[in-house]
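Asker: This structure is in structure tokens; I'll ask about it shortly.
Numbering (the numbering used here), first residue to last: 76 to 362.
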């Protein structure tokens, strides 16, 4: 009984530790970035009569301006630190990540699934807004999303939010965390827990709700294909479509928006069915 408790505790500490690592590093990295930005900002702007207004505006502007560099720096540090921790404790690292071969059609289908799910997720959020559920959480969510795109370089958004962050998050959640869970508990609870951690770490109930469902989908993609490349493709497609739609949405007509909506739902269903069909005979993980 004592050994079982210690084993469960070690698994939980591993999962929570690596699940929150990127978030902790984002906070740590933010401090010097914002401090430097405020110093530079304070020297180039007139000092207002109300110092509280000045500090508040300066902090918010600094937070928005440094967001992409913070995400990029924290992402690189997370990967490096995760690797170093495994090396120091003489544990496998890359072997846990499931970088196994898969087929081009599956990768393509996964990418299209990700692209196609952005509009259904947006519709889900709009439905919540219309029925006035969790208004405060929705306001916080919209503010977070706005800060990620307002005044940011489109190219940097594509590289950081669209590509690097999905790769990093898949390495952490569908790689390290799922591997640790799968070695110690049955498959179904492992899938649910990794998705739950993935959802919780987004720190907003709106984003957490659909992140949990996406975590289940990407976990199933890993289990069915035996390769982390498939969930990476789904995640990149999802994030890239969000960046692209945010950039070009104002110029999209109502007719085109409906065409994209219908195409998104249709492609998501077709590609998910295709993915499940193509991986139906794979027994990579035992239940």
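We put the CB at the ideal spot given by N, CA and C, even for glycine.
Once the 5 residues before and after residue 286 are set aside, which same chain residues still bring their CB inside 7 Å of it?
Answerer: 273, 274 and 277
Asker: With the cut-off set at 8 Å, would you say residue 313 and residue 193 are in Cβ contact?
Answerer: yes
Asker: Mapping DSSP to helix, strand and coil, what is residue 214?
Answerer: helix
Asker: Beta-carbon separation of residue 223 and residue 236 under 8 Å?
Answerer: The answer is yes: Cβ separation under 8 Å.
Asker: Which runs of the alpha helix (DSSP H) spanning at least 4 residues fall entirely within the region 160-248, listed in chain order?
Answerer: 179-205, 210-224, 229-232 and 240-245
Asker: Please work out which residues of its chain come closer than 8 Å, Cβ to Cβ, to residue 141, disregarding the five sequence neighbours upstream and downstream, and give them in chain order.
Answerer: Cβ neighbours of residue 141 beyond the five flanking positions: 105, 108, 109 and 112.
Asker: Contact between the region 314-324 and the region 173-193 is defined here as three or more beta-carbon pairs at a separation below 8 Å; is this criterion met?
Answerer: yes
Asker: What would DSSP say about residue 302, mapped onto helix, strand or coil?
Answerer: coil
Asker: Can you give me the C-alpha to C-alpha distance between residue 79 and residue 257, rounded to a whole angstrom?
Answerer: 15 Å
Asker: I need the boundaries of the alpha helix (DSSP H) containing residue 39, first residue and last residue.
Answerer: Nothing can be reported for residue 39: it is not among the residues displayed for the chain, which extend from 76 to 362.
Asker: The alpha helix (DSSP H) with residue 263 in it runs from where to where?
Answerer: Unbroken alpha helix (DSSP H) run through residue 263: 262-275.
Asker: So, residue 255 versus residue 294, is the Cβ gap smaller than 8 Å?
Answerer: no
Asker: What does the alpha-carbon distance come out to for the pair residue 175 and residue 297?
Answerer: Going by C-alpha positions, residue 175 is about 10 Å away from residue 297.
Asker: Where does residue 244 land, buried or exposed, given buried means 16+ other C-beta within 10 angstroms?
Answerer: buried
Asker: Just to confirm before moving on: does the CB-CB distance between residue 100 and residue 153 stay below 8 Å?
Answerer: yes
Asker: If you drop the 5 nearest sequence neighbours on each side, which residues of the same chain put their C-beta closer than 8 Å to that of residue 173?
Answerer: 249, 250, 254, 297, 301, 302 and 303
Asker: Go ahead and label residue 177 buried or exposed: buried means 16 or more other beta carbons lie within 10 angstroms of its beta carbon, across all protein chains shown.
Answerer: buried
Asker: For residue 141, does the three-state DSSP call read helix, strand or coil?
Answerer: coil
Asker: Within this structure, are the beta carbons of residue 189 and residue 310 separated by less than 8 Å?
Answerer: yes
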